[in-house]
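Numbering (the working numbering), first residue to last: 1 to 305.
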């Protein structure tokens, strides 16, 4: 019997051009990770792709799903050291099984939980988003180079500094007692935002960054973290904490980036970081965002300013 024709390997009928990325997205898999003494089973959503040369009609997409299944199954008995390393393994295997490809990309996001709380007795599992990436490139000599990245997103809150000072001026005019210098540091009413901030380290070589430390850096840059368990007195404390640290998204971004040299002294200068922050506005019909990319070396040379 004549084997069926491989339609994917045929030449495209029109528009023969190389495509940078063809793959599958939205594949959810459980992945076991063991970092030091701690083990996690992560619910991971993957996006995997390779480039496609101009002479091929289609990519062999089923191979992508097979690779994901194999890597996930292996972690049941041998957990991966980290999500980003698992992504690197997948990216390398993508190039191995797509002989016509020269670039492979893997993007992953996972739910991640840490015990946090406004006080020790109120600690519970708070949810975050763990992010990982891997890029594999095959050179002319056949050697494969890997670039990986790891990051996290934390949801907190911000209080608007502009509305706060405008409210202070109006209330001082209404209640002249507020003009007394002793009330200058009194937190003032303002509108709040749910703030979502991401920080991603683009790692080369053997450099590693712990995701718990990334989350700590992000939460410290927001006006205040937010928590699942808050009684009435705790709610008041979170509001006061946020209003004592009013911030624009620009403040969140700058404070986060400026803190990194001190928080991550062992990360090499050449490592780049990408940070982005979005404030979901409460009194506007739009959100406000800011983002930046910079190396640790540039941050250190700036002296944290």
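Glycine is no exception: its CB is placed at the ideal position from the N, C-alpha and C atoms.
### Query
Unbroken alpha helix (DSSP H) runs of length 4 or more, entirely within the region 221 to 284: which are they?
232 to 243 and 249 to 263
### Message
Please list the terminal residues of the continuous beta strand (DSSP E) segment that includes residue 195.
### Response
The residue labelled residue 195 in the question sits at position 195 within the chain shown. Looking at the DSSP string, the run of the beta strand (DSSP E) that includes residue 195 is 192 to 203.
### Message
Rounded to the nearest angstrom, what separates residue 186 and residue 224 at their Cα positions?
### Response
Working through the chain shown from its first residue, we reach residue 186 at position 186. Working through the chain shown from its first residue, we reach residue 224 at position 224. Roughly 17 Å between the two C-alpha positions.
### Task
Go through its chain and collect everything with a Cβ distance to residue 194's Cβ below 7 Å, but skip five positions before and after it.
By one-based count along the chain shown, residue 194 stands at place 194. Apart from sequence neighbours up to five positions away, the residues of its chain that approach residue 194 with a beta-carbon distance below 7 Å are 155, 157 and 280, ordered along the chain.
### Message
If the criterion is Cβ atoms closer than 9 Å, does the pair residue 60 and residue 104 meet it?
### Response
Translated into the one-based positions of the chain shown, residue 60 becomes position 60. Translated into the one-based positions of the chain shown, residue 104 becomes position 104. No; because the gap between Cβ atoms is not below 9 Å, this pair is not in contact.
### Which of helix, strand or coil DSSP assigns to residue 107
Counting from 1 along the chain shown, the entry for residue 107 is found at position 107. Taken through DSSP and simplified to helix, strand or coil, residue 107 comes out as strand.
### Query
Does the Cβ of residue 10 have 16 or more other Cβ atoms within 10 Å, making it buried, or fewer, making it exposed?
Taking the first residue of the chain shown as 1, we reach residue 10 at position 10. Classification of residue 10: exposed, given that the 10 Å Cβ count is below 16.
### Message
Which of the three DSSP states is assigned to residue 27 in this structure?
### Response
On the chain shown, position 27 is the one that residue 27 refers to. In the structure shown, residue 27 sits in a strand (DSSP, three-state: E or B).
### Message
Can you find the residues in the same chain that come closer than 6 Å, C-beta to C-beta, to residue 294, ignoring five residues on each side of it along the sequence?
### Response
Locating residue 294 in the chain shown gives position 294, where the first residue counts as 1. Closer than 6 Å at Cβ, skipping near neighbours: no residue.
### Task
May I have the straight-line CA-CA distance separating residue 48 from residue 64, to the nearest angstrom?
For this step, residue 48 is matched to residue 48 along the chain shown. For this step, residue 64 is matched to residue 64 along the chain shown. In a straight line, the C-alpha of residue 48 is about 7 Å away from that of residue 64.
### Task
Give me whichever residues DSSP pairs with residue 295 in a beta bridge.
In the chain shown, the residue the question calls residue 295 occupies position 295. Residue 295 is bridged to 272.
### Query
For residue 73, does the three-state DSSP call read helix, strand or coil?
For the purposes of this step, residue 73 is identified with residue 73 of the chain shown, where counting begins at 1. Here residue 73 sits in helix by DSSP.
### Task
Quick one: measure Cβ to Cβ for residue 257 and residue 284, integer angstroms, because I've assumed they're closer than 8 Å.
Taking the first residue of the chain shown as 1, we reach residue 257 at position 257. Taking the first residue of the chain shown as 1, we reach residue 284 at position 284. That belief does not hold up - the Cβ atoms of residue 257 and residue 284 are roughly 25 Å apart, past 8 Å.
### Query
Hey, how far is the Cα of residue 54 from the Cα of residue 14?
Translated into positions along the chain shown, residue 54 becomes position 54. Translated into positions along the chain shown, residue 14 becomes position 14. For residue 54 and residue 14, the distance between alpha carbons rounds to 10 Å.
### Query
Could you give the distance in angstroms between the alpha-carbon of residue 58 and the alpha-carbon of residue 244?
Within the chain shown, the letter at position 58 stands for residue 58. Within the chain shown, the letter at position 244 stands for residue 244. About 57 Å.
### Task
Starting from residue 146, follow the alpha helix (DSSP H) in both directions and report where the run begins and ends.
Along the chain shown, one-based indexing puts residue 146 at 146. First-last for residue 146: 144 to 159, but that is the beta strand (DSSP E), not the alpha helix (DSSP H).
#### Entry: Cutoff 6 Å; reference residue 93; Cβ partners in own chain excluding five residues on either side
Reading the chain shown from its first residue, position 93 is the one you call residue 93. The residues are 67.
### Query
Does the beta-carbon distance from residue 148 to residue 133 come in below 9 Å?
In the chain shown, the residue the question calls residue 148 occupies position 148. In the chain shown, the residue the question calls residue 133 occupies position 133. Yes. Within cutoff.
### Pick from 21, 72 and 37 that is closest to residue 43, judged by C-alpha positions
The residue given as residue 43 occupies position 43 in the chain shown. Nearest of 21, 72 and 37 to residue 43, Cα basis: 72.
### Message
Could you pull the DSSP bridge partners for residue 41 from this structure?
### Response
Looking up residue 41 in the chain shown gives position 41. The partner list for residue 41 (beta bridge, DSSP) reads 32.
### Task
Name the two residues that bound the continuous alpha helix (DSSP H) containing residue 86.
If you number the chain shown from 1, residue 86 lands on position 86. Start and end: 83 to 97.
### Task
Give every residue of the same chain whose Cβ lies closer than 6 Å to the Cβ of residue 78, excluding the five residues on either side of it in the sequence, and list them in chain order.
Position 78 of the chain shown, counting from 1, holds the residue named residue 78. Excluding sequence neighbours, residue 78 sits near nothing in its chain.
### Close Cβ partners of residue 120 (< 6 Å) along its chain, the five nearest in sequence each way excluded
Along the chain shown, read from residue 1 onward, the residue named residue 120 stands at position 120. Correct list: empty, nothing qualifies.
### Task
Indicate whether residue 124 and residue 227 have their beta-carbon atoms separated by less than 9 Å.
Looking up residue 124 in the chain shown gives position 124. Looking up residue 227 in the chain shown gives position 227. A contact, by the Cβ cut-off of 9 Å.
### Task
In angstroms with no decimal places, state the Cα-to-Cα distance between residue 21 and residue 277.
Along the chain shown, read from residue 1 onward, the residue named residue 21 stands at position 21. Along the chain shown, read from residue 1 onward, the residue named residue 277 stands at position 277. Cα to Cα, the separation comes out at about 27 Å.
### Cβ neighbour criterion (16 or more within 10 Å) applied to residue 282
Within the chain shown, residue 282 is the residue found at index 282, counting from 1. Residue 282 is exposed by the Cβ-count criterion.
### Task
Check whether the Cβ of residue 256 lies closer than 8 Å to any heavy atom of the ligand FAD, and answer yes or no.
Among the components of this structure there are no ligands whatsoever, and the ligand FAD is therefore not found.
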